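Residue numbers (full-length UniProt numbering), protein chains in the order written: chain A, 1 to 334; chain B, 1 to 322; chain C, 1 to 323.
Even glycine gets a Cβ: it sits at the ideal position worked out from N, Cα and C.
Computed from a predicted model, the values in this text were never measured in an experiment.
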Amino acid sequence: MLSYSIKRVLMLIPVLLGMTLIVFAIIHAIPGNPALTILGTKATPEAIQNLNRSLGLDQPWYIQYFTYLKHILSGDLGTSIQTNTPIANQIWPHLAATIELSFVAMIIAVVVGINAGIISAWKKNSVLDYTAMIVALIGVSMPIFWLGLLEQWAFSVKLNWLPSIGRMDIISNVQPITNLYLIDTLLEGQLDQFWMVLRHLILPSIALATIPTAIIARMTRSSMLEVLKSDYIRTAKAKGQRMFWIVYKYALKNAFIPILTVIGLQTGLLLGGAILTETIFGWPGIGLYIYNAIQYRDYPVIQSGILVIAFIFVMVNFIVDLLYGLIDPRIKYR
Amino acid sequence: MSEPLLKVENLKKYYPIKNGVLGRVSETVRAVDGVSFSVNEGETLGIVGESGCGKSTTGRMIMRLIEPTEGKVSFEGKNILSLSKSDLRRVRKDIQMIFQDPFASLNPRQTVGKIIEEPMIVHGMGNHKERKQRVEELLELVGLSAYHAKRYPHQFSGGQRQRIGIARALAVRPKLIIADEPVSALDVSVQSQVLNLLQDLQKKFHLTYIFIAHDLSVVRHISNRVGVMYLGKMVEISDSEILYDHPKHPYTKALLSAVPIPDPNSRSERIILSGDVPSPAHPPAGCTFHDRCPVAMDLCAREKPVMKKLEDGRLVSCHLYD
Amino acid sequence: MNQSILEVKGLKTSFFTDDGEVPAVDGVDFSVGEGEILGIVGESGCGKSVTSLSIMGLLPSPPGKIVGGSISFKGEDISHAKESRMRKLRGNDIAMIFQEPMTSLNPVFTIGDQLMEAIRLHNRLPKKELAARAAELLKMVGLPRAKELLKEYPHELSGGMRQRVMIAMAMSCNPKVLIADEPTTALDVTIQAQILDLMLKLNRETHTAIILITHDLGVVAQVCKRVVVMYAGKVVEEGDVKDIFNHPKHPYTEGLIRSIPDLHSKKDKLYTIKGSVPRPGSIEKGCLFAPRCEYVMDKCRTDSPELVGDSHKSRCFLHQVQE
Numbered sequence: 001m002l003s004y005s006i007k008r009v010l011m012l013i014p015v016l017l018g019m020t021l022i023v024f025a026i027i028h029a030i031p032g033n034p035a036l037t038i039l040g041t042k043a044t045p046e047a048i049q050n051l052n053r054s055l056g057l058d059q060p061w062y063i064q065y066f067t068y069l070k071h072i073l074s075g076d077l078g079t080s081i082q083t084n085t086p087i088a089n090q091i092w093p094h095l096a097a098t099i100e101l102s103f104v105a106m107i108i109a110v111v112v113g114i115n116a117g118i119i120s121a122w123k124k125n126s127v128l129d130y131t132a133m134i135v136a137l138i139g140v141s142m143p144i145f146w147l148g149l150l151e152q153w154a155f156s157v158k159l160n161w162l163p164s165i166g167r168m169d170i171i172s173n174v175q176p177i178t179n180l181y182l183i184d185t186l187l188e189g190q191l192d193q194f195w196m197v198l199r200h201l202i203l204p205s206i207a208l209a210t211i212p213t214a215i216i217a218r219m220t221r222s223s224m225l226e227v228l229k230s231d232y233i234r235t236a237k238a239k240g241q242r243m244f245w246i247v248y249k250y251a252l253k254n255a256f257i258p259i260l261t262v263i264g265l266q267t268g269l270l271l272g273g274a275i276l277t278e279t280i281f282g283w284p285g286i287g288l289y290i291y292n293a294i295q296y297r298d299y300p301v302i303q304s305g306i307l308v309i310a311f312i313f314v315m316v317n318f319i320v321d322l323l324y325g326l327i328d329p330r331i332k333y334r
Numbered sequence: 001m002s003e004p005l006l007k008v009e010n011l012k013k014y015y016p017i018k019n020g021v022l023g024r025v026s027e028t029v030r031a032v033d034g035v036s037f038s039v040n041e042g043e044t045l046g047i048v049g050e051s052g053c054g055k056s057t058t059g060r061m062i063m064r065l066i067e068p069t070e071g072k073v074s075f076e077g078k079n080i081l082s083l084s085k086s087d088l089r090r091v092r093k094d095i096q097m098i099f100q101d102p103f104a105s106l107n108p109r110q111t112v113g114k115i116i117e118e119p120m121i122v123h124g125m126g127n128h129k130e131r132k133q134r135v136e137e138l139l140e141l142v143g144l145s146a147y148h149a150k151r152y153p154h155q156f157s158g159g160q161r162q163r164i165g166i167a168r169a170l171a172v173r174p175k176l177i178i179a180d181e182p183v184s185a186l187d188v189s190v191q192s193q194v195l196n197l198l199q200d201l202q203k204k205f206h207l208t209y210i211f212i213a214h215d216l217s218v219v220r221h222i223s224n225r226v227g228v229m230y231l232g233k234m235v236e237i238s239d240s241e242i243l244y245d246h247p248k249h250p251y252t253k254a255l256l257s258a259v260p261i262p263d264p265n266s267r268s269e270r271i272i273l274s275g276d277v278p279s280p281a282h283p284p285a286g287c288t289f290h291d292r293c294p295v296a297m298d299l300c301a302r303e304k305p306v307m308k309k310l311e312d313g314r315l316v317s318c319h320l321y322d
Numbered sequence: 001m002n003q004s005i006l007e008v009k010g011l012k013t014s015f016f017t018d019d020g021e022v023p024a025v026d027g028v029d030f031s032v033g034e035g036e037i038l039g040i041v042g043e044s045g046c047g048k049s050v051t052s053l054s055i056m057g058l059l060p061s062p063p064g065k066i067v068g069g070s071i072s073f074k075g076e077d078i079s080h081a082k083e084s085r086m087r088k089l090r091g092n093d094i095a096m097i098f099q100e101p102m103t104s105l106n107p108v109f110t111i112g113d114q115l116m117e118a119i120r121l122h123n124r125l126p127k128k129e130l131a132a133r134a135a136e137l138l139k140m141v142g143l144p145r146a147k148e149l150l151k152e153y154p155h156e157l158s159g160g161m162r163q164r165v166m167i168a169m170a171m172s173c174n175p176k177v178l179i180a181d182e183p184t185t186a187l188d189v190t191i192q193a194q195i196l197d198l199m200l201k202l203n204r205e206t207h208t209a210i211i212l213i214t215h216d217l218g219v220v221a222q223v224c225k226r227v228v229v230m231y232a233g234k235v236v237e238e239g240d241v242k243d244i245f246n247h248p249k250h251p252y253t254e255g256l257i258r259s260i261p262d263l264h265s266k267k268d269k270l271y272t273i274k275g276s277v278p279r280p281g282s283i284e285k286g287c288l289f290a291p292r293c294e295y296v297m298d299k300c301r302t303d304s305p306e307l308v309g310d311s312h313k314s315r316c317f318l319h320q321v322q323e
């Protein structure tokens, strides 16, 4: 296990390097000159040249890339054109907002999805199974923005149960410590504030969770059906074990590898794909941050935002890979 | 004595296992480790042994379905292992294989007629009409009917599918047929039908068989000579009567005594070997059987025995007969 | 004769498929005495495995269903017992081992987990004693390094070792009956000898009755005391193992025995039973073996023979005419 983990960490290096290279290449492939963007169309050629030199843009691309890499490694993500402040300082609060939202959404997706899938497989071809799978089909087909608007209309506007915009009420005093507000409010012992933050999370996280829930439910069902047919399930029955335990303990652990793969992929997609949800719900996350940056053509921010999302995506899958080994002893670490 | 049809010398297949962070070859699995035997025209050589002994790998290496690591395979005097691709194709027409799993070795989307015709097309035999007629002949020959050509494999029982496999092998008029566990997936009553068919065909077309199987009774029934394999090595090989009636190698003895005889009157004392067959990645030093051998001597742990010819003509690889 | 512990009477099990009802087991009778080893022998599709799953209440349902007859364990009819009752019986009073040792153990739990679970399901024991009992069971089935084995996973064991673990698990609650469904079919012949030896030893020591289901007449001849021969969902012959092998009454049994190649002498040609096993339900009247039988009479094609005889029963008109 240790040797596998080390190997897996070593394998991360080329993946991460490749990732930075791609992000770097994409930004450089975009037509237009950054200096021109910064200085405006009325800039003199000398000014552009000077800025190019000071930005290092007159160097060959590989030198630029290594400079870029050096900066990233030292924690320097560049400076925002829009606000003229270091991106590294701005990005965390946004990222934390997205992580909090995605995390809650993923918990909903995993708990609901896995249970729905298990029950569907267990009670195959029952009304319960058909209902769950039809709902799941609707879930994957539902456009997020439509669902989000529907939620806001029903639960905020009509029923007035839940807030529909933002991470917290306008008048509130959450002290950002970790910027994960659920944790911050608990650290401060402000239970009322915790409840307020949680209420803000409900609608966007449900909207965000819809697709992953449906996908996880379908994967769980098919994986469980396969496992429930196997010989060792029959052995467990022959021992006199209860069906509930056979399903939840015996079968689930075996069925979990493909489910885990889907969870990993969906988590990555959630982090990156939260833009739509964040826009609808005014959620100040990384998605909204990049969205705004795109509108201002703030290339360094776009670049860093993409890099951070890609990095998280890689890390999530790295963790999933390590978890495979914990779940299935047969996975040889080579 | 005339030259044997097939001669296998010191055939080896090693699989390297890569391991560790740098992917170095940490160990080698010796699936087949220096096997030699010959097969005369018109005879049946049985190869028996337990799973993992390398008997199937040996069979496949003869046709170069698996590339040997080392050794020599001469068929009618030509070394198969040094043949060019086109020469190899010509030889493959003379050597055909029948496999264990009649379910898996037939393409489910092809009609039986097409399956049997295909090897003839590959080897450019006859025109369409001639081939079609030959398919019908072959089907009748293996105990099926001409109209079966239009059906698909799933419409047949296990025994019938094995007959189709046999017809396909016969299509190109081979000289040697390598049958790898051809009856082990079949029920007893069907097994005897297929065994009889194989014997009838052998007489009719003067075929030579290499019959690879784990069932010792079946192998005795069909073979003139039998080789016993253990952990990638041939431990004993001789005429089947001599081998079965008076086994010499302790492994052959144990193997034979382990077979349950369908006769409740002779519940014989069995030689029960302890433990499992060791991994071919870590074969014991000396004689590879010594750690399970009931009559092992000190010498056996140190020195590898070599094949020796005894007076009755058998070859055995055991220090007891030094 | 010993008191019978398990009695199957007129058992009928069918599968309800899209093409209608398929009778897999069609009126099977036999009984097992305490401590006895009974062999059930037959070719694939004869209904021997479905019979065992019916006894265990493990039929895949739907589509499988017991549609007639009774299965009494110690006098109690369990053919339609509630699931909660069957759970108490399974693993505790009636245990089972299967053909595929490679896939019958859960790959993601340790041997110890699976073995201790089997014990715990029917016995309340403190954790320490559980582990000790598990190790003891592994020793009983002849596995060395019992303590370490408990922490290992199934894929680290060979097929023979896994079948030993399966047997240890089945024996964990001292069952009255052990149903072994083709326990050695997937194993090599030397390993098969080890496992059969072990089963005989356990039978002697624990007095557990064994129902050995197999297609291998050699195994039956070497291990069993009494034999039931099944063909196309019915019992065609039943009796003492020596009677069956020395004087088979049913032409099917006779044909099966004669079809096996002999290890000790070479026959020129093997006997063959012509044709193949009929699909369940495809023969509507008469003896199911009639189309393949050498001795077939006119009567065989119209009437169904009954299973008759005292200690050596057969389902064939040949013997009913004589008697």
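Following the DSSP letters along the chain, one finds leucine 10 of chain A inside the alpha helix (DSSP H) bounded by residues 2-29. Sequence-distant partners of methionine 224 of chain A (beyond 5 residues in either direction) whose C-beta falls short of 7 angstroms from its own C-beta, in its chain, are Gly117, Ile118, Ala121, Ala251 and Ala255.
A direct Cα-to-Cα measurement between histidine 290 of chain B and leucine 231 of chain B gives close to 12 angstroms. Aspartate 181 of chain C: member of the beta strand (DSSP E) spanning 177-181, first to last residue. In the same chain as glutamate 278 of chain A, and ignoring 5 residues on each side of it, the C-beta atoms closer than 6 angstroms to its own belong to Gly285, Gly287 and Leu288, in chain order. None of the residues of the stretch 135-155 of chain B has a beta carbon lying less than 9 angstroms from any beta carbon of chain C. If you draw a 10 Å sphere on the C-beta of tyrosine 62 of chain A, you find fewer than 16 other C-beta atoms in it, and that means exposed. Judged by DSSP in its simplified three-state form, isoleucine 177 of chain A adopts coil rather than helix or strand. DSSP places lysine 82 of chain C in the coil class of the three-state scheme, outside both helix and strand.
In this structure, the CA atom of lysine 13 of chain B is about 20 angstroms from the CA atom of serine 84 of chain B. Judged by their CB atoms, methionine 230 of chain C and isoleucine 179 of chain C are not nearer to each other than the 7 angstroms cut-off. Threonine 302 of chain C and valine 41 of chain C have their alpha carbons spaced roughly 26 angstroms apart.
Against leucine 121 of chain C, chain B offers no close residue; the least beta-carbon distance is about 30 angstroms (beta-carbon pairs closer than 9 angstroms).
Annotation for lysine 225 of chain C: no alpha helix (DSSP H) segment contains it, and DSSP assigns it neither H nor E. By the Cβ test, the stretch 99-117 of chain C is in contact with the stretch 159-179 of chain C, since at least three Cβ pairs between them sit closer than 8 angstroms.
With fewer than 16 neighbouring CB atoms inside 10 Å of its own CB, leucine 21 of chain A falls in the exposed class. In the pairwise beta carbon analysis, the stretch 160-167 of chain B is classified as touching the stretch 143-151 of chain B: at least three pairs are separated by under 8 angstroms.
For serine 104 of chain C, the nearest CB of chain A lies under 7 angstroms from its own CB, placing it at the interface with that chain. For the pair threonine 67 of chain A and isoleucine 38 of chain A, the Cα-to-Cα distance works out to about 20 angstroms. By the rule that beta-carbons nearer than 7 angstroms mark a contact, lysine 239 of chain A touches chain C. Tyrosine 251 of chain B counts as buried, since no fewer than 16 other beta carbons sit within 10 angstroms of its beta carbon. As the crow flies, the alpha-carbon of glutamine 49 of chain A is around 43 angstroms from that of phenylalanine 281 of chain A. By the rule that beta-carbons nearer than 7 angstroms mark a contact, proline 119 of chain B does not touch chain C.
Assigned with DSSP and collapsed to three states, methionine 297 of chain C falls in coil, not helix or strand. Counting of Cβ neighbours within 10 angstroms places valine 110 of chain A among the buried residues, the total reaching 16 or more. Within chain C, no residue has its CB atom less than 7 angstroms from the CB of isoleucine 118 of chain A, the nearest being about 16 angstroms off. The shortest CA-to-CA distance from serine 74 of chain A to any of A:Gln82, A:Leu95 and A:Pro86 is the one to A:Pro86. For the stretch 25-36 of chain C, the beta-carbon criterion of a distance under 9 angstroms to any beta-carbon of chain B is satisfied by none of its residues. Nearest neighbour of methionine 140 of chain C by Cα position, chosen from C:Asn174, C:Arg124, C:Ser158 and C:Lys128, turns out to be C:Asn174.
Annotated as proximal: glycine 113 of chain A and alanine 217 of chain A, with beta-carbon spacing under 7 angstroms. Within chain A, no C-beta atom comes nearer than 9 angstroms to that of asparagine 174 of chain C; the closest sits roughly 14 angstroms away.
Methionine 199 of chain C has a beta carbon lying at 7 angstroms or more from every beta carbon in chain A. Within 8 angstroms of the CB of histidine 215 of chain C, the CB atoms of chain B belong to Asp187 and Val188, in sequence order along the chain. Counting along the chain, no alpha helix (DSSP H) covers serine 74 of chain B; the unbroken beta strand (DSSP E) around it starts and ends at 70-75. Shortest Cα-Cα distance from phenylalanine 15 of chain C to any of C:Val32, C:Gly33, C:Val177 and C:Leu53 involves C:Leu53.
Under DSSP, lysine 18 of chain B shares a beta bridge with B:Val25.
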